[in-house]
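>
There are 2 protein chains.
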Amino acid sequence: MSKKQLIMETALDLFAKQGFEATSVQQITDRCGISKGAFYLSFKSKDELILALIDYFMMQVTSDIDYIVRVTKDEELLYQFYFSIYQTFHNHSQFAKVILKEPSLTLNKELILKLNYYDKLIGNTILMMIERLYGEAVKETKYDLLYSIKGFMSAYSQLFIYYNIPIDLNMLVESLVEKTNLLAKHTTVPFVSKEMNDIFQFKQPMNEEMKEQILEMIENKLEEMEESIEKESLVLLKGQLLEPTLSRAVVRGLLENIRNQPHCKWIAYLLRQYFE
Amino acid sequence: MSKKQLIMETALDLFAKQGFEATSVQQITDRCGISKGAFYLSFKSKDELILALIDYFMMQVTSDIDYIVRVTKDEELLYQFYFSIYQTFHNHSQFAKVILKEPSLTLNKELILKLNYYDKLIGNTILMMIERLYGEAVKETKYDLLYSIKGFMSAYSQLFIYYNIPIDLNMLVESLVEKTNLLAKHTTVPFVSKEMNDIFQFKQPMNEEMKEQILEMIENKLEEMEESIEKESLVLLKGQLLEPTLSRAVVRGLLENIRNQPHCKWIAYLLRQYFE
DNA sequence: TTGACAAATGACTAATCAGTCATTATTATA
DNA sequence: TATAATAATGACTGATTAGTCATTTGTCAA
């Protein structure tokens, strides 16, 4: 494990237990068995550490959910969606604690923006799922459905983030699927309008700047990769980004190729957004 | 306004903006136009201040909701319930920010216990409402309904706590009433069981110790009250607490008498719990 | 073995902040 | 008005902590 990763995992544990502000850099480095100075070789500041933590986990979560929504067939989608959400909460419960408990951290505007940004991305994915599953039927109420789903996620997550109760995940998910379907099929009174939702999630359309960012990420990634199918795929995708020549099917296949390369999930997610 | 109150309101603003840890006592006292020493005449420590803030607001909220649930007739109950919740969020949005953003505050176990305590009380009130409205029909699913309602509360509260969007409160409430009724009437797959819920909300039955506490509060209150119907009512209620002689109807009336006396809401709430 | 480079150290600095207390100001009382 | 009692002050203390940097340790290639 790299030093950076060691610091991140150690810090995560401590933040989950004590909170961000109450955890000193000294405490982190003591626990890691390294010196304080070594910490500053990996991170420019303590703030940079928490931002890195958020990126590290939220990228995973966001791209996982997006992938599920895109590849799962309709009949199983809602089930798989909730299943993946709660599995993630379970696998990364330490991180979930930090996020759910500490959206304050008012010191840092950047942090709030970051959390907002990922919340927006996940919201868009959920909306996409709602539209696919229920179509025109929920035209008026889809934003309410989005908020209801978010409500279910937060209310039920508390149940097993703080306590280690053995959970029948299948039962939980079945229960939420039923509730979601009920609301989708019978709700008639809308409250959240498109405009209201947009105030929070004003769309950031993919633009040239974004393209540059993706390109840069790909190039960094390519440098550290060894020759392989994955690398070849990424090279082709880079070409497609610069000048679109490949068919949609080929692109889809190439994305599938790189998806399971560690750290490539996020690039795959961004490219998927860009190409559509 | 008393000095204590001035400090509490000033601190609330600052905590809502900057968070608890990031706000220094100096900052609070500067804003109040008093010295740092004066702060410590009103509060033993900074921690005591946040605990006092939580008590001050949560007592109001808890007793308000409980009152609504007890006096509103079934047909309007759900509407009035949500209406009161969101009105409270709106009126005390600064406080809501502190609470919703800062359930961490990991320094202080006492604080977490306190928040848990009020959450439990409110949960019990909501459960009482659910049982009254839907009865046996939701025997299996009432705890899920409780979590769904909590989910709605938190998801929708975000909408207008952080942004000052003009809100059609009536529409919001209608929309949540419909959702709640839908879930209550059609949910068949339960997930949260009584036992699971009890792990969080293990009942603290009213006991002798509680009785002593209420008595002490009443006596403190009586000292600062002037002769009035309210004082007379409170004296009678104190008698009833020591030795029950009055009829239920009389007790109910007396409680109604003191309910609107400032600061008596909480005593009324506790007495209501005790007498039933 | 030597020397050059990089990695790691931890004592130190400067800043912050909760809480104290000797002193001063204000108010109530006689 | 004089005296006592109470309220308020703010400089100070001690503790903590983010971040720095001169020094040491480790690692190679020559």
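As given, the protein sequences belong to chains A and B, one line each in that order. Residues in the first sequence are numbered from -14 upward in steps of one, following the working numbering. Residues in the second sequence are numbered from -14 upward in steps of one, following the working numbering. For each residue, glycine too, the CB sits at the ideal point set by N, CA and C.
Using 10 angstroms around the beta-carbon of threonine 14(B), count the other beta-carbons present and answer buried if the total reaches 16, otherwise exposed.
Against the second sequence, residue 14(B) aligns to sequence position 29. Classification for threonine 14(B): buried.
> Just confirm the distance between the C-beta atoms of tyrosine 119(A) and threonine 47(A), as a whole number of angstroms; I'd bet it's less than 8 angstroms.
Taking the first residue of the first sequence as position 1, residue 119(A) is located at position 134. Taking the first residue of the first sequence as position 1, residue 47(A) is located at position 62. Contact doesn't hold; Cβ gap of about 23 angstroms is too wide.
> Give the residues from the segment 126 to 137 of chain A that approach chain B closer than 7 angstroms (Cβ to any Cβ), ordered along the chain.
Result list: Asp129, Tyr132, Ser133, Lys135, Gly136, Phe137.
> Below 9 angstroms between beta carbons: does that hold for tyrosine 52(B) and tyrosine 259(B)?
Translated into the one-based positions of the second sequence, residue 52(B) becomes position 67. Translated into the one-based positions of the second sequence, residue 259(B) becomes position 274. Their beta carbons are not under 9 angstroms apart, which means tyrosine 52(B) does not touch tyrosine 259(B) by this criterion.
> Would you be able to state if there are at least three C-beta pairs under 8 angstroms between the segment 165 to 176 of chain B and the segment 123 to 130 of chain B?
Touching, yes.
> What three-state label does DSSP hand leucine 92(A) in the structure shown?
Indexing the first sequence from 1 puts residue 92(A) at position 107. Caution applies to leucine 92(A), whose pLDDT of 48 falls short of 50 and renders its modelled position unreliable; the model cannot decide the point.
> So with CB distances below 8 angstroms, who are the chain A contacts of alanine 140(B)?
Start at 1 with the first residue of the second sequence, and residue 140(B) comes out as number 155. Ordered by position in chain A, the residues that pass the 8 angstroms Cβ test against alanine 140(B) are Tyr132, Ser133, Lys135, Gly136, Ser139.
> Just the C-alpha distance for leucine 26(A) and leucine 231(A), rounded to the nearest angstrom, thanks.
Position 41 of the first sequence, counting from 1, holds the residue named residue 26(A). Position 246 of the first sequence, counting from 1, holds the residue named residue 231(A). Their backbone Cα atoms lie some 43 angstroms apart in a straight line.
> With distance defined between alpha-carbon atoms, name the residue in Phe145(A), Ile(-8)(A), Asn101(A), Leu207(A) nearest to alanine 81(A).
As a working note, residue 81(A) is residue 96 in the first sequence. If we check each option's Cα against that of alanine 81(A), Phe145(A) comes out closest.
> Please check the pair leucine 219(B) and lysine 206(B), which I expect to be a contact at CB under 8 angstroms, by giving their CB distance rounded to whole angstroms.
Indexing the second sequence from 1 puts residue 219(B) at position 234. Indexing the second sequence from 1 puts residue 206(B) at position 221. Leucine 219(B) to lysine 206(B), Cβ: 7 angstroms. Contact.
> Could you check if asparagine 76(B) is buried or exposed, using at least 16 other CB atoms within 10 Å of its CB as the buried criterion?
Numbered from 1 along the second sequence, position 91 holds the residue referred to as residue 76(B). So asparagine 76(B) ends up on the exposed side.
> Could you work out which residue in Gly18(B), Tyr41(B), Tyr141(B) is closest to leucine -3(B) when comparing CA atoms only?
The residue you call residue -3(B) lines up with position 12 of the second sequence. Closest by alpha carbon: Tyr41(B).
> Please state the DSSP three-state secondary structure of aspartate 153(B).
Along the second sequence, read from residue 1 onward, the residue named residue 153(B) stands at position 168. Three-state DSSP puts aspartate 153(B) in coil, outside helix and strand.
> Given a limit of 7 angstroms on CB to CB distance, which residues of the segment 146 to 175 of chain A reach chain B?
Per Cβ criterion, the list reads Tyr148, Ile150, Met156, Leu157, Glu159, Ser160, Glu163, Lys164, Leu167, Leu168, His171, Thr172, Thr173, Val174, Pro175.
> Taking C-beta to C-beta, are lysine 21(B) and glutamine 11(B) nearer than 9 angstroms?
Within the second sequence, the letter at position 36 stands for residue 21(B). Within the second sequence, the letter at position 26 stands for residue 11(B). Closer than 9 angstroms, so yes.
> Between which residues of its own chain and lysine 31(A) is the CB-CB distance below 7 angstroms, once the five residues before and five after are set aside?
The sequence position of residue 31(A) within the first sequence is 46, counting from 1. Only Val10 meet the Cβ criterion.
> Counting only the same chain and skipping the five closest in sequence on each side, list residues whose C-beta sits under 6 angstroms from that of phenylalanine 73(B).
Position 88 of the second sequence, counted from the start, is the residue given in the question as residue 73(B). Residue identity check: residue 73(B) is threonine in the sequence provided, not phenylalanine. The residues are Val46.
> Given threonine -5(A), which residues of its chain have a CB within under 7 angstroms of its CB, disregarding the five upstream and five downstream residues?
In the first sequence, residue -5(A) corresponds to position 10, counting from 1. Excluding positions up to five away in sequence, the list reads Ile13, Arg16, Cys17.
> May I ask whether a heavy atom of the ligand PLP can be found less than 8 angstroms away from the beta carbon of glycine 238(A)?
In terms of ligand content, the structure shown is empty, and the ligand PLP therefore cannot be addressed.
> If the cut is a Cβ gap below 8 angstroms, which residues of chain A does isoleucine 39(B) touch?
To locate residue 39(B), count along the second sequence from 1; it is residue 54. Neighbours of isoleucine 39(B) on chain A: none; closest Cβ ~15 angstroms, over 8 angstroms.
> With DSSP as the reference, label asparagine 76(B) as helix, strand or coil.
Looking up residue 76(B) in the second sequence gives position 91. Three-state result, asparagine 76(B): helix.
> In three-state DSSP terms, what is lysine 170(A)?
Taking the first sequence and counting its residues from 1, one reaches residue 170(A) at position 185. Here lysine 170(A) sits in helix by DSSP.
> Please state whether DSSP places lysine 105(B) in a helix, a strand or coil.
As a position in the second sequence, residue 105(B) is number 120, starting the count at 1. Of the three classes helix, strand and coil, the one that applies to lysine 105(B) here is helix, per DSSP.
> Use the C-beta contact count for lysine 164(B): other C-beta atoms within 10 angstroms, 16 or more gives buried, fewer gives exposed.
On the second sequence, residue 164(B) is found 179 positions in, with the first residue counted as 1. Result: buried.
> Thinking C-alpha only, which one of Glu209(A), Ile152(A), Glu180(A), Pro229(A) is nearest histidine 333(A)?
Because chain A in this structure spans residues -14 to 261, residue 333(A) falls outside the shown range and cannot be described.
> Any Cβ of chain B within less than 9 angstroms of the Cβ of isoleucine 184(A)?
As a first step, residue 184(A) must be located in the first sequence, where it is residue number 199. With 9 angstroms as the cut-off, isoleucine 184(A) counts as an interface residue toward chain B.
> Tell me whether valine 56(A) is buried or exposed, calling it buried when 16 or more other Cβ atoms sit within 10 Å of its Cβ.
Position 71 of the first sequence, counted from the start, is the residue given in the question as residue 56(A). Valine 56(A) is exposed by the Cβ-count criterion.
> Using 8 angstroms as the cut-off, can you tell me whether the segment 152 to 168 of chain B makes contact with the segment 194 to 204 of chain B, which would need three or more C-beta pairs spanning the two stretches below that distance?
Result no; under three Cβ-Cβ pairs closer than 8 angstroms.
> Nearest CA to the CA of leucine 34(A): which residue from Phe0(A), Asn245(A), Ala234(A), Tyr132(A)?
Sequence index remark: in the first sequence, residue 34(A) carries index 49 (1-based). Nearest C-alpha to leucine 34(A): Phe0(A).
> In chain order, what are the residue ranges of uninterrupted alpha helix (DSSP H) at least 4 long that sit wholly in the segment 219 to 250 of chain B?
The qualifying runs are 233 to 244.
> Count the other CB atoms, across all protein chains shown, that sit within 10 Å of the CB of glutamine 143(A); report buried if there are 16 or more and exposed otherwise.
For the purposes of this step, residue 143(A) is taken as the residue at position 158 of the first sequence. With 16 or more Cβ atoms within 10 Å of its Cβ, glutamine 143(A) is classed as buried.
> Is valine 56(B) helix, strand or coil when you go by DSSP?
Stepping through the second sequence from its first residue, residue 56(B) is reached at position 71. DSSP places valine 56(B) in helix when its eight states are reduced to three.
> Anyone know if the C-beta pair for methionine 44(A) and lysine 250(A) falls short of 9 angstroms?
Walking along the first sequence from the start, residue 44(A) turns up at place 59. Walking along the first sequence from the start, residue 250(A) turns up at place 265. Yes; because the gap between Cβ atoms is below 9 angstroms, this pair is in contact.
> Go to threonine -5(A), then tell me how far its alpha helix (DSSP H) extends in each direction, as first and last residue.
As a first step, residue -5(A) is located in the first sequence; it is residue number 10 there, counting from the start. Taken as a continuous stretch (DSSP letters only), the alpha helix (DSSP H) holding threonine -5(A) covers -12 to 3.
> Valine 177(B) CB to nearest chain A CB: under 9 angstroms?
Here residue 177(B) is taken as the residue at index 192 of the second sequence, counted from 1. Judged by the 9 angstroms Cβ criterion, valine 177(B) is in contact with chain A.
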